[in-house]
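Visitor: Quick note: the sequence shown, position 30, residue 30 per the numbering used here, numbers continuous.
Beta carbons are placed, not taken as given, at the ideal position from N, Cα and C, and that holds for glycine.
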Amino acid sequence: MFMQKTWRDVGSLYQIYPRSFQDTNGDGVGDLNGITDRLGYLSWLGIESIWISPFFTSPMTDFGYDVANYRDVDPSYGTLDDLKRLLESAHDYGIKVMIDLVPCHTSEEHPWFIESRSSRDNPKRNYYVWRDPKADGSAPNNWRSLAAGRSWTYDETTGQYYLHSFLPTQPDLNWDNPEVREEIKNVVRFWYDLGVDGLRVDAIWGISKDPDLADDPVNPDYHHDLDQYGSYIHNKCKYGPKFDQYLRELASVSDEYHDKQIVFEFYPDEQLGNVYDQYERVLNIHPSSSAFFMEYRQNIWHADHVKNTVLEYLARTKNTTIPFFGLGNHDQPRIASRLGNERSRALNFLNLLTPGISLIYYGDEIGMENGELADEQIQDTFSPSNTKFDSRDLERTPMQWDSGEHAGFSNATTWLPVHSNREWCNVLDQSQNEQSLLYMHRSLLKIRSAYPVLRNGTLRAVYVGSGYVLAFESRLDDTYAYIVVNFADQPQEIYLPEPSRLVLSSRMQTVERDHPNTLGGYEARLYMNSLVHIRRSAAK
Ligand code: GLC
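#1: Please state the DSSP three-state secondary structure of aspartate 72.
#2: Which of the three DSSP states is assigned to glycine 230 in this structure?
#3: Is it a yes or a no for the stretch 359-366 touching the stretch 425-438, going by three-plus beta-carbon pairs under 8 Å?
#4: Quick one: measure Cβ to Cβ for aspartate 74 and asparagine 33, integer angstroms, because I've assumed they're closer than 8 Å.
#5: What did DSSP end up calling glutamate 280 once you bin it into helix, strand or coil?
#6: Could you compute how far the alpha carbon of methionine 399 sits from the alpha carbon of aspartate 100?
#7: By how many angstroms is the C-alpha of lysine 446 removed from the C-alpha of leucine 352?
#8: Does the ligand GLC have a heavy atom nearer than 7 Å to the CB of phenylalanine 166?
#9: Quick check on serine 506: does DSSP put it in helix, strand or coil?
#10: How long is the line joining the alpha carbons of glutamine 170 and isoleucine 184, rounded to whole angstroms?
#11: Using only the heavy atoms of the ligand GLC, determine whether one of them is closer than 7 Å to the beta carbon of glutamate 265.
#12: Just list the alpha helix (DSSP H) runs in the stretch 412-452, keeping only unbroken ones of 4 residues or longer that don't cross its boundaries, in chain order.
#13: With a floor of 4 residues, list each alpha helix (DSSP H) that falls wholly inside the stretch 298-339, ordered by position along the chain.
#14: Less than 6 Å between C-beta atoms, sequence neighbours within five positions excluded: which residues of the same chain meet that for histidine 234?
#15: In angstroms, rounded to a whole number, what distance separates the CA positions of methionine 528 and valine 484?
#16: Would you list, in sequence order, the uninterrupted beta strand (DSSP E) runs of no fewer than 3 residues that lie entirely inside the stretch 190-230?
#17: What's the C-alpha gap between glycine 206 and serine 43?
#18: For a minimum of 3 consecutive residues, which ranges assigned as the beta strand (DSSP E) are wholly contained in the stretch 11-72?
#19: Confirm the yes/no value for this check: CB of tyrosine 361, any heavy atom of the ligand GLC, distance under 7 Å.
#20: Is the CB-CB distance between alanine 203 and glutamate 256 below 8 Å?
#21: Helix, strand or coil: how does DSSP classify tyrosine 522 here?
#22: Could you check whether the Cβ of valine 418 sits closer than 7 Å to any heavy atom belonging to the ligand GLC?
#23: On the DSSP letters alone, give me the boundaries of the beta strand (DSSP E) that tyrosine 161 sits inside.
#24: Helix, strand or coil for histidine 91? Go by DSSP, reduced to three states.
#25: Let me make sure I understand the geometry here. Which of Tyr154, Leu146, Arg150 has the alpha-carbon closest to that of glycine 137?
#26: Need the endpoints of the alpha helix (DSSP H) that glutamate 115 sits in, please.
#27: In angstroms, rounded to a whole number, what distance separates the CA positions of valine 129 and asparagine 341?
#28: If contact is defined by three or more beta carbon pairs under 8 Å, each pair taking one atom from either stretch, is the stretch 14-27 in contact with the stretch 407-419?
The structure is reproduced here in structure tokens:
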């Protein structure tokens with residue numbers, strides 16, 4: 001039996017896309033029992049909490065982000081009993097479990113929507129946002145859906161339009177209706193009562209909208225046609241006047257329980273003002289909530305840029321909110337494909353050593369790359385072009401456990417093709433190679449968990465002699481650590497401000513004695529003060 005940490009001491013969160021993690025019933029689609037079977041691996045790796053993307057009953061037009069029953073498991077993923085077993089087993093390993101809450105829209109197949117669309121005077125009509133057409137029959141305003149096209153779909157039965165910020169199969173819930181707010185809070189209570197430890201909360205920006213549903217202003221800096229999402233400034237369809245209030249109300253459900261954590265999906269919008277002011281607003285909604293830092297999705301391969309974004313975000317947590325740093329998720333191209341192996345290895349190193357909770361997207365610990373898909377294999381109907389270029393399927397291909405035909409994920413044809421690089425990019429091979437990316441993750445996670453300075457220390461930037469090197473110093477009581485990353489492909493000399501010993505290099509090999517101050521191209525290192533005696537073997 002492992003010890004249960006509180007969220008304040010948890011160092012890592014591993015995101016599982018359940019469709020793609022482990023299939024146990026031979027249908028080519030992952031399932032909850034598959035996750036339970038792999039908890040031993042996650043424990044070996046040193047993972048302290050997991051976030052499971054939606055597994056609820058769903059017609060899967062957005063692979064579970066279109067929920068038809070908030071309180072049950074989709075049969076393709078298993079049963080509620082399977083989920084209970086998963087929870088029990090995760091807790092036995094000392095792993096906390098976060099699930100995905102999708103509060104702002106349901107599936108069109110949710111009973112609430114089926115009722116709501118049945119007649120204008122149905123009691124559930126006001127659970128969703130319905131409006132009359134304009135005099136010429138067109139949509140009530142110019143809002144665009146993130147999933148391409150308009151945010152409004154006309155419904156013949158009652159002669160009105162309904163609002164959907166995403167696909168037409170995902171009607172927006174009307175959070176201005178207090179009954180809706182109560183329904184969703186009860187969903188949260190249902191899962192908390194079952195033993196779930198926290199929630200990742202999906203797509204919060206639309207929880208409150210302009211009360212008059214006014215048009216979004218046209219974006220003067222965008223010169224494409226007005227059918228495009230980017231041609232508008234989204235200050236009417238997003239972040240309405242009740243945004244903070246509704247999120248706070250939702251997060252306050254945690255107050256009825258012990259140690260529940262919420263983390264909001266959040267991407268600041270540059271068009272809507274200072275990015276860090278936006279972070280600050282969302283990071284400080286409620287003491288039990290936080291917001292993901294996802295700035296690495298931008299092209300920021302620059303030491304100063306990374307330094308500034310990390311420190312700015314941290315400052316906005318005001319030392320009270322738990323920071324959540326991540327490199328990727330199921331909506332972003334894989335970090336290994338974005339940056340290449342060497343650079344992404346260095347950034348993974350940094351990500352595992354920044355304070356708070358480090359998010360690891362499944363497969364990133366072995367360097368999984370964007371999938372190889374032909375256009376006709378695309379499953380995600382979300383992409384504006386419906387081609388492999390902007391499909392999120394690329395980052396959702398099956399987990400590569402071994403080099404076999406189906407990568408150890410399944411024994412049948414898989415829902416998305418497995419990557420051909422499974423030959424070398426797989427858990428089995430990397431778990432036998434102490435210089436692998438997987439071993440680097442494992443070593444850093446163990447060190448992180450053993451030394452609170454890496455989880456709870458105060459971070460500041462220091463200059464170590466080269467503008468290409470990002471160097472953070474972290475301090476807690478009498479312990480300190482230096483995390484250094486070389487953003488150049490050429491070696492750099494570094495001089496640390498205080499005596500310290502090398503704990504680990506991203507290269508996972510002994511540093512040459514002749515040049516102890518030379519950081520190799522794209523190399524990252526962790527040093528700590530001599531009070532701490534860690535040898536590499538301690539990390540095994
Ligand atoms: C979030 C999810 C994404 C989903 C969308 C609609 O952005 O991460 O996968 O498609 O919300 O629910």
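Guide: Looking at the coordinates:
#1: Correct three-state label for aspartate 72: strand.
#2: If DSSP states are grouped into helix, strand and coil, glycine 230 belongs with the helices.
#3: Because the criterion of three Cβ pairs below 8 Å is met, the stretch 359-366 and the stretch 425-438 touch.
#4: Not quite, the Cβ-Cβ distance comes to about 13 Å (not below 8 Å), so this is no contact.
#5: The three-state secondary structure of glutamate 280, taken from DSSP, is helix.
#6: Rounded to the nearest whole angstrom, the C-alpha separation of methionine 399 and aspartate 100 is 20 Å.
#7: Their Cα atoms are separated by approximately 10 Å.
#8: For phenylalanine 166, the shortest separation between its Cβ and any heavy atom of the ligand GLC lies below 7 Å.
#9: DSSP places serine 506 in coil when its eight states are reduced to three.
#10: In this structure, the alpha-carbon of glutamine 170 lies about 16 Å from that of isoleucine 184.
#11: Placement of the Cβ of glutamate 265 at a distance of less than 7 Å from at least one heavy atom of the ligand GLC is found.
#12: Fully enclosed alpha helix (DSSP H) runs of 4 or longer: 427-431, 437-450.
#13: Counting whole runs of 4 or more residues, the stretch 298-339 contains the alpha helix (DSSP H) stretches 303-316, 335-339.
#14: Taken in chain order, the residues that qualify are Asp216.
#15: Whole-angstrom Cα-Cα distance: 11 Å.
#16: 198-201, all fully within the stretch 190-230.
#17: Roughly 36 Å between the two C-alpha positions.
#18: Counting whole runs of 3 or more residues, the stretch 11-72 contains the beta strand (DSSP E) stretches 12-16, 49-52.
#19: Because no heavy atom of the ligand GLC lies under 7 Å away, the Cβ of tyrosine 361 does not count as near it: no.
#20: No, the Cβ-Cβ distance between alanine 203 and glutamate 256 is not below 8 Å.
#21: In the three-state DSSP reduction, tyrosine 522 falls in the coil class, being neither helix nor strand.
#22: The answer is no for valine 418.
#23: 160-163 is the span of the beta strand (DSSP E), which, as asked, contains tyrosine 161.
#24: In the three-state DSSP reduction, histidine 91 falls in the helix class (H, G or I).
#25: Comparing Cα-Cα distances from glycine 137 to each of Tyr154, Leu146, Arg150, the minimum goes to Tyr154.
#26: It spans 111-116 - the alpha helix (DSSP H) in which glutamate 115 sits, taken as one unbroken run.
#27: The straight-line gap separating the alpha-carbon atoms of valine 129 and asparagine 341 is approximately 46 Å.
#28: Cβ pair count under 8 Å is three or more, so yes.
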